[in-house]
Structure formats: structure tokens, C-alpha cells
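To start, the structure under review is shown below, and the notes come after it.
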Amino acid sequence: MAKPVRLLSVGAFTLDTILRVETLPTHQGKFIASDGVQIASGMATSAACAAHRLGAEVS
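For the sequence shown, position 39 matches number 38 in numbering that gives the first Met the number 0, and the numbering has no gaps at all.
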């Protein structure tokens, strides 16, 4: 069996925060989100995740 590919991913890491509100704001003010999620992203992060899914050892 072949050894898995080893990959070192170097690059920018960003953390996206996505919030859900009941309606789009029509005026300036404070709004309370009903739900939210944080997602790790960035080109290096996305490439590392894809390589890992394909079987590579990623660091």
C-alpha cells in the first residue's frame, strides 16, 4: 500500500461569522440574530481540507 501524501499548508486563515436575522434591516439600529455559525476558511485552509478528504496527511 502506498504511503499517503504529506502536505504542509501555509497561508492566510480567516474565520467567517454568518448570522441569521428574521428580516433584513430597513433602518439603522441593533438587531438580534436568531442563529449563527462560524466557518474556517481561506485558500490554504480550503486546500488543506480538500487534500485531507482525499487521504493526504495535512499539517
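Quick reminder that beta carbons are idealized off the backbone N, C-alpha and C, glycines included.
Owing to the predicted nature of the structure, the values given are computational and were not obtained by experimental measurement.
Shortest Cα-Cα distance from Leu23 to any of Ala32, Asp15, Thr16 involves Ala32.
Residue state for Thr44 is assigned as helix, using DSSP reduced to three classes. The beta carbons of Ala46 and Phe12 sit no closer together than 9 angstroms.
Judged by beta-carbon spacing, Val57 lies beyond the 9 angstroms limit of Leu14, meaning their Cβ atoms are not closer than that value.
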